[in-house]
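These protein sequences, in sequence, are chains A and B.
Here full-length UniProt numbering is used: the first residue of the first sequence is 1, the next is one more, and so on.
Here full-length UniProt numbering is used: the first residue of the second sequence is 1, the next is one more, and so on.
Glycine included, each C-beta is placed from N, C-alpha and C at the ideal position.
Everything numeric in this text was worked out from a predicted model, so none of it was measured.
As structure tokens, the structure follows; a few thoughts come after it.
Protein chains: 2
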Amino acid sequence: MNSSRPVTIKDIAKRFRCSPSTVSRALNDHPAINEDTRKNIQEYAREVGYQRNEVSLSLLNKKTATLGVVVPNISNYYETAVIEGLHNVLQPMGYTLNICVTNESYILEKEYLSKLLSNRAEGIFLSVSQETYDSGYYEHLEQVIQRKTPLIFIDREYEDFETSRATVDDYHGAFAAVEHLINMGYKQIAHLKGPNGLTVSEQRFNGYKDCLIKNGMPVRDELIINTNFKVESAILPTKRLLEMDTPPDAIFGVNDQVAIGAMRVVKDKGLRIPQDIGLVGFDNSPISAYTFPSLTTVSRPGRKIGMEASRLFLSQLNASGDFSHESIVLPSELIIRESSLRI
Amino acid sequence: MNSSRPVTIKDIAKRFRCSPSTVSRALNDHPAINEDTRKNIQEYAREVGYQRNEVSLSLLNKKTATLGVVVPNISNYYETAVIEGLHNVLQPMGYTLNICVTNESYILEKEYLSKLLSNRAEGIFLSVSQETYDSGYYEHLEQVIQRKTPLIFIDREYEDFETSRATVDDYHGAFAAVEHLINMGYKQIAHLKGPNGLTVSEQRFNGYKDCLIKNGMPVRDELIINTNFKVESAILPTKRLLEMDTPPDAIFGVNDQVAIGAMRVVKDKGLRIPQDIGLVGFDNSPISAYTFPSLTTVSRPGRKIGMEASRLFLSQLNASGDFSHESIVLPSELIIRESSLRI
DNA sequence: ATATCCAATGCAAACGTTTGAAAAAATTTA
DNA sequence: TAAATTTTTTCAAACGTTTGCATTGGATAT
Numbered sequence: 001m002n003s004s005r006p007v008t009i010k011d012i013a014k015r016f017r018c019s020p021s022t023v024s025r026a027l028n029d030h031p032a033i034n035e036d037t038r039k040n041i042q043e044y045a046r047e048v049g050y051q052r053n054e055v056s057l058s059l060l061n062k063k064t065a066t067l068g069v070v071v072p073n074i075s076n077y078y079e080t081a082v083i084e085g086l087h088n089v090l091q092p093m094g095y096t097l098n099i100c101v102t103n104e105s106y107i108l109e110k111e112y113l114s115k116l117l118s119n120r121a122e123g124i125f126l127s128v129s130q131e132t133y134d135s136g137y138y139e140h141l142e143q144v145i146q147r148k149t150p151l152i153f154i155d156r157e158y159e160d161f162e163t164s165r166a167t168v169d170d171y172h173g174a175f176a177a178v179e180h181l182i183n184m185g186y187k188q189i190a191h192l193k194g195p196n197g198l199t200v201s202e203q204r205f206n207g208y209k210d211c212l213i214k215n216g217m218p219v220r221d222e223l224i225i226n227t228n229f230k231v232e233s234a235i236l237p238t239k240r241l242l243e244m245d246t247p248p249d250a251i252f253g254v255n256d257q258v259a260i261g262a263m264r265v266v267k268d269k270g271l272r273i274p275q276d277i278g279l280v281g282f283d284n285s286p287i288s289a290y291t292f293p294s295l296t297t298v299s300r301p302g303r304k305i306g307m308e309a310s311r312l313f314l315s316q317l318n319a320s321g322d323f324s325h326e327s328i329v330l331p332s333e334l335i336i337r338e339s340s341l342r343i
Numbered sequence: 001m002n003s004s005r006p007v008t009i010k011d012i013a014k015r016f017r018c019s020p021s022t023v024s025r026a027l028n029d030h031p032a033i034n035e036d037t038r039k040n041i042q043e044y045a046r047e048v049g050y051q052r053n054e055v056s057l058s059l060l061n062k063k064t065a066t067l068g069v070v071v072p073n074i075s076n077y078y079e080t081a082v083i084e085g086l087h088n089v090l091q092p093m094g095y096t097l098n099i100c101v102t103n104e105s106y107i108l109e110k111e112y113l114s115k116l117l118s119n120r121a122e123g124i125f126l127s128v129s130q131e132t133y134d135s136g137y138y139e140h141l142e143q144v145i146q147r148k149t150p151l152i153f154i155d156r157e158y159e160d161f162e163t164s165r166a167t168v169d170d171y172h173g174a175f176a177a178v179e180h181l182i183n184m185g186y187k188q189i190a191h192l193k194g195p196n197g198l199t200v201s202e203q204r205f206n207g208y209k210d211c212l213i214k215n216g217m218p219v220r221d222e223l224i225i226n227t228n229f230k231v232e233s234a235i236l237p238t239k240r241l242l243e244m245d246t247p248p249d250a251i252f253g254v255n256d257q258v259a260i261g262a263m264r265v266v267k268d269k270g271l272r273i274p275q276d277i278g279l280v281g282f283d284n285s286p287i288s289a290y291t292f293p294s295l296t297t298v299s300r301p302g303r304k305i306g307m308e309a310s311r312l313f314l315s316q317l318n319a320s321g322d323f324s325h326e327s328i329v330l331p332s333e334l335i336i337r338e339s340s341l342r343i
């Protein structure tokens, strides 16, 4: 008849014919408890596998030690690196991360935020979904603000939303990548762009465009084709590029996946990298160093972003009433490898 | 002075000079509430951004609708696919997934399990860490069992632990991969093995070994070298293999990452794939189809594993007292691509 | 005018824990 | 032995919500 109901402090109290308070104090090593009582109770508690019900404590203390991490997906290297960074700082402080994957859906994002608030998460790290961008709705964020729950944007962001944010300098990373291609003598640089509307996509695109302009090179619309960040989404666009009358002699991919997809198509065509076609990606994913040829790319400090975001959260938490939000932009770094190194 | 304390039912009750019960019923559309009262209360609640405190409800109902997912890491394609599968089934049912990354650490795994139990998670999906394997300790799992919290193993497992589990048939996948290499005429097949002790590593290794034996081929110890699953860990081992007096003519990597690392080294050596060296990976990661040459691999149904694990959880939940644990083994599938297709 | 009935609301307990203050018990002091 | 002191334990409230049961007040029927 030993039901699966977890042992409570009351159960133990009954067993020892004492009050719950005594048990609670005994378990917490309160000084005003008789040594014997304490030992007996602790021993018994261990024996029966007592485990403090944190739910009741959360209710009592209004502290859940839970943080929400809301991201569009976790299948990319960068996202997992960010989570690792958050984790490294916050886990040792006793926080539990509640990772929510929106799958780029607005509705899921909204649901998750509601749920996190209902569950009294003490802070939320958010990388907004594609759909949220597209729709432009952000009432679901207002609830978070209204409830004064610290909200930290990671990576993607609403430009005009007043919160803290930790992002990577995509613009200058892209700029440096394209400038490098120009320095290598490439003349017609194509861009496999990310989905429209996303800050990440647009920032990188802007870096690409501005770099061309600054260097007196034309921005050819037909050399800019959209992808969805995934490797297979680069295949057709790259084919199209290579079949043009005046095809590009270099391709800047919005991320490594896309660049690797392009690499495959280029090689299938029998073109040589970097001699015939230069190639640059973005992210410095682990595999980029081991493709053949290895891929020039721009590294994003994902772990650092996570750690900085944690810092922002903590400072907001400790802040008294008036708190000015911070925007942290970490630099990205060009990593030159074989795919663009034309001698 | 508007403190950030969330609005409670009591606050609303005070505002309307009624009892909390009335507010609760009004918000939950209880029929015995006056229509006007209901409307007024609901409107006011929306206005002030009332949000039900789920913590208190959890305490009251002893239901948290929270499930723990404890995995060594989330940076691989497979793991995220599993999580996606779990998510797809369980999120719509109202469950929140609490994803915990142990980073292959025993201590973290133990801490997370304790925490999940303390937070009254209603079920736990576990892929045990490397350290847990190595140490052989599993008292931390006993607590879970003792508390009768459904525990489902995903992917990795203790062979002799009585729970439900959903795993992939790594053995036959590896067997098929090696048999394919043999059919292609490769004679000296090396194996870049995963870390010792992990079921995944050992199953694949066994598949490799048994296939060689069954085909009357020698198992040469010097052709079996350990890696840690990561791309860079394949570099030195592969170099060593290729510098041997009688080097292998094929390499079976424990996963795609390792195979891709090997691919790089082989190409650097000026050897041709698949003519000089055949190559097979494991996982069917998105990129494996787009390497050059594309990588023959074994696909693991990660999403399906997640969905099956969910099913196991649900059936255990609905089971009355006596419940016999299920072991589900999903087949893996050989995907033949260019890297092994010698004509 | 009184009994009957129904609609609407309030009361109180419960979930598991902590904690300040009060009470009880044990010990020391005079 | 009584008073004073110290040690140990209990009481009660609190956290926010739900819910069975009791209560209220008004309307209807007799």
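Chain A within 8 Å of residue i, Cβ atoms only
| i | result |
| --- | --- |
| Leu241(B) | no |
| Tyr77(B) | yes |
| Ile189(B) | no |
| Arg15(B) | no |
| Ile99(B) | yes |
| Glu54(B) | yes |
| Phe323(B) | no |
| Ala281(B) | The sequence shown places Gly at residue 281(B), rather than the Ala named in the question. It does not: the Cβ of Gly281(B) has no partner Cβ on chain A nearer than 8 Å. |
| Thr8(B) | no |
| His140(B) | no |
| Pro286(B) | yes |
| residue 408(B) | Residue 408(B) cannot be examined here, being either before or after the span of chain B that is shown, 1 to 343. |
| Arg120(B) | yes |
| Ile12(B) | no |
Min CB distance residue i to chain B below 8 Å
| i | result |
| --- | --- |
| Arg96(A) | Arg is not the amino acid found at residue 96(A); the sequence shown has Thr there. Interface residue, yes. |
| residue 355(A) | Outside the modelled stretch of chain A, which goes from 1 to 343, sits residue 355(A), for which no answer is possible. |
| Met263(A) | yes |
| Ile260(A) | yes |
| Gln130(A) | no |
| Arg311(A) | no |
| Gly49(A) | yes |
| Ser4(A) | yes |
| Ser58(A) | yes |
| Phe292(A) | yes |
| His30(A) | no |
| Thr102(A) | no |
Candidates the options, of which the one nearest residue i by Cα
| i | options | result |
| --- | --- | --- |
| Gln257(B) | Thr297(B), Asp249(B), Leu126(B), Ile213(B) | Thr297(B) |
| Ala166(B) | Val82(B), Ile154(B), Ile189(B) | Ile154(B) |
| Ile83(A) | Ile124(A), Ser56(A), Lys239(A) | Ile124(A) |
| Ser129(A) | Leu117(A), Asn119(A), Glu111(A), Gln146(A) | Glu111(A) |
| Ala81(A) | Gln188(A), Glu308(A), Ser294(A), Ser340(A) | Glu308(A) |
| residue 346(B) | Val7(B), Asp210(B), Tyr208(B) | Outside the modelled stretch of chain B, which goes from 1 to 343, sits residue 346(B), for which no answer is possible. |
| Arg220(B) | His191(B), Thr227(B), Lys230(B) | His191(B) |
| Ser118(A) | Pro92(A), Arg38(A), Gln143(A) | Gln143(A) |
| Val71(B) | Ile99(A), Gly49(A), Lys187(A) | Ile99(A) |
| Tyr133(A) | Gly68(A), Tyr106(A), Val168(A), Leu241(A) | Tyr106(A) |
| Val101(A) | Ile273(A), Leu116(A), Pro92(A), Gln91(A) | Leu116(A) |
| Lys269(B) | Gly278(B), Thr291(B), Lys239(B), Thr64(B) | Lys239(B) |
| Leu57(A) | Arg17(A), Arg120(A), Asn40(A) | Arg120(A) |
| Pro150(A) | Thr66(B), Ser339(B), Ser4(B), Gly306(B) | Ser4(B) |
| Ser339(B) | Pro218(B), Arg311(B), Lys267(B), Thr64(B) | Lys267(B) |
| Thr96(A) | Tyr77(A), Tyr78(A), Glu122(A) | Glu122(A) |
Residues sharing a beta bridge with residue i, DSSP
| i | result |
| --- | --- |
| Leu126(B) | Val70(B), Phe153(B) |
| Ile335(A) | Thr297(A) |
| Phe330(A) | Before going further, note that residue 330(A) is Leu rather than Phe in the sequence given. DSSP, once it has assigned bridges, lists Val168(A) as partnering Leu330(A). |
Checklist entry - Enumerated in chain order, which unbroken segments of the alpha helix (DSSP H) with a length of 4 residues or greater are wholly contained in the segment 130-194 of chain A? => result 130-135, 139-146, 170-183
Item to check | Within the segment 242-308 of chain A, ranges of the alpha helix (DSSP H) (whole runs, at least 4 residues) | outcome: 256-268
Checklist entry - Which residue spans inside the segment 23-103 of chain B form an unbroken alpha helix (DSSP H) run of at least 4? => result 35-47, 54-61, 77-90
Next on the checklist: For a minimum of 4 consecutive residues, which ranges assigned as the alpha helix (DSSP H) are wholly contained in the segment 203-249 of chain B?
Outcome noted: 235-242
Checklist entry - Does the segment 85-97 of chain A come close enough to the segment 131-147 of chain A that 3 or more CB-CB pairs lie under 8 Å? => result no
Checklist entry - Counting Cβ pairs, one atom from each stretch, are 3 or more of them under 8 Å apart for the segment 220-240 of chain B and the segment 280-292 of chain A? => result yes
Checklist entry - Pairing CB atoms from the segment 10-25 of chain A with CB atoms from the segment 58-70 of chain A, are three or more of them under 8 Å? => result no
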